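Residue numbers (our numbering): -13 to 108.
The beta carbon of each residue, even a glycine, is placed where N, CA and C say it ideally should be.
Owing to the predicted nature of the structure, the values given are computational and were not obtained by experimental measurement.
Here the structure is laid out as structure tokens; the discussion comes afterwards.
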């Protein structure tokens, strides 16, 4: 059975973790003198926006090998849009991520009315 030397594995692990970038980062703080940032997001024209929410979550990635540890902090930011289709009243939740580079939602959730879903006490 072949055994890998820790001296050989350390650079390989370090290189692999350096290549794995954050999926989406929380916007960096801006200085008071910085210009306003504007973003356009695509939404189907037949949807009426009811509410919009922005949420950001930070997380720390900790890794280690042979007593050496490292950590990095990154995060994910989401814009959540609740919208109703004008003609039918159907309800949708559109999720946007990385709005600096993506204009379209990453996920569209359609809320359907089903008669067989029972609520507690119903």
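- Residue 60 has its alpha-carbon roughly 10 Å from the corresponding atom of residue 42.
- In this structure, residue 67 places its C-beta atom within 9 Å of the C-beta atom of residue 27.
- Per the DSSP secondary-structure output, residue 34 pairs in a beta bridge with 70.
- Separation of residue 96 and residue 77 (C-alpha to C-alpha, rounded to the nearest whole angstrom) is 6 Å.
- Between residue 81 and residue 93, the C-beta spacing is below 9 Å.
- Bounds of the beta strand (DSSP E) holding residue 81 are 77 to 83.
- For residue 20, the three-state secondary structure derived from DSSP is coil.
- Of the residues assessed, residue 101 falls on the exposed side of the cut-off, its CB having fewer than 16 other CB atoms within 10 angstroms.
- Here residue 92 carries a coil assignment [DSSP, helix/strand/coil].
- Around the beta carbon of residue 91, 16 or more other beta carbons sit within 10 angstroms, so the residue counts as buried.
- Taking residue 75 as reference, the option from 25, 23, 35 with the minimal CA-CA separation is 35.
- For residue 46, the CB contacts under 6 Å within the same chain, skipping 5 residues up- and downstream, are 57, 59 in chain order.
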